[in-house]
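Each residue of the sequence shown is one higher than the one before, starting from 0 at the first, in numbering that gives the first Met the number 0. Heads up, the beta-carbon is just placed ideally off N, CA and C, and yes, glycines get one too. Keep in mind it's a predicted model, so treat the numbers as computed, not measured. Notes to accompany the following structure.
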Amino acid sequence: MKAKLLNGLPMAVLFSLPVLLLLFVIQFFFPDWYTKISNTSSGTFVTIIIALFISILFFAYFRMHYKWEMNEQIYRELKSKAQNEDINSQIK
Numbered sequence: 000m001k002a003k004l005l006n007g008l009p010m011a012v013l014f015s016l017p018v019l020l021l022l023f024v025i026q027f028f029f030p031d032w033y034t035k036i037s038n039t040s041s042g043t044f045v046t047i048i049i050a051l052f053i054s055i056l057f058f059a060y061f062r063m064h065y066k067w068e069m070n071e072q073i074y075r076e077l078k079s080k081a082q083n084e085d086i087n088s089q090i091k
C-alpha cells in the first residue's frame with residue numbers, strides 16, 4: 000500500500016497543483032476579496048487545504064491501484080495467449 004501511494008504521489012500532486020496555486024494566490028494576494036465575495040471566514044482556507052490533501056492521497060492511491068489492475072489484466076491476457084499457443088503447437 001505504501002509503495003502504491005508513494006509511486007502515485009507525483010502525478011496526484013501535479014494534478015492538484017493548479018488548484019493549490021490558485022488557493023495560495025487568492026489567500027496571499029487577495030485575502031479580503033475572497034472573504035467579501037463569499038461571506039466566509041478565513042478559517043475555511045485551512046479546511047480547503049485539508050480537503051485538497053485528502054484528495055491528493057485518494058488520487059495517488061487509486062491511480063496506482065488502477066494502473067496495477069490494468070497491468071494485471073494485460074499479464075493475464077498474454078499468459079492466456081501463450082498457453083493457447085502451447086496447446087496449438089502440441090496439437091500440430
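With the cut-off set at 7 Å, would you say residue i and residue j are in Cβ contact?
| i | j | result |
| --- | --- | --- |
| Tyr92 | Leu4 | Limits of the chain in this structure are 0 at one end and 91 at the other, which puts residue 92 out of reach. |
| Met63 | Asn6 | yes |
Using 8 Å for Cβ pairs, my map puts residue i next to residue j. What's the rounded Cβ distance?
| i | j | result |
| --- | --- | --- |
| Ser15 | Ile55 | 5 Å |
| Leu21 | Ile47 | Wrong, their Cβ atoms sit about 10 Å apart, outside the cutoff. |
| Gln26 | Phe52 | Going by Cβ atoms, the distance from Gln26 to Phe52 rounds to 15 Å, so no, they are not a contact pair. |
Are there 16 or more other CB atoms within 10 angstroms of the CB of residue i, so buried, or fewer, so exposed?
| i | result |
| --- | --- |
| Ala11 | buried |
| Gly42 | exposed |
Tell me where the alpha helix (DSSP H) around residue i begins and ends.
| i | result |
| --- | --- |
| Gly42 | It is not in any alpha helix (DSSP H) - Gly42 carries neither H nor E in the DSSP assignment. |
| Phe23 | 1-28 |
Would you say residue i reaches chain E, if we count a Cβ-Cβ gap shorter than 7 Å as a contact?
| i | result |
| --- | --- |
| Leu77 | Among the protein chains of the structure shown there is no chain E, as only one such chain exists. |
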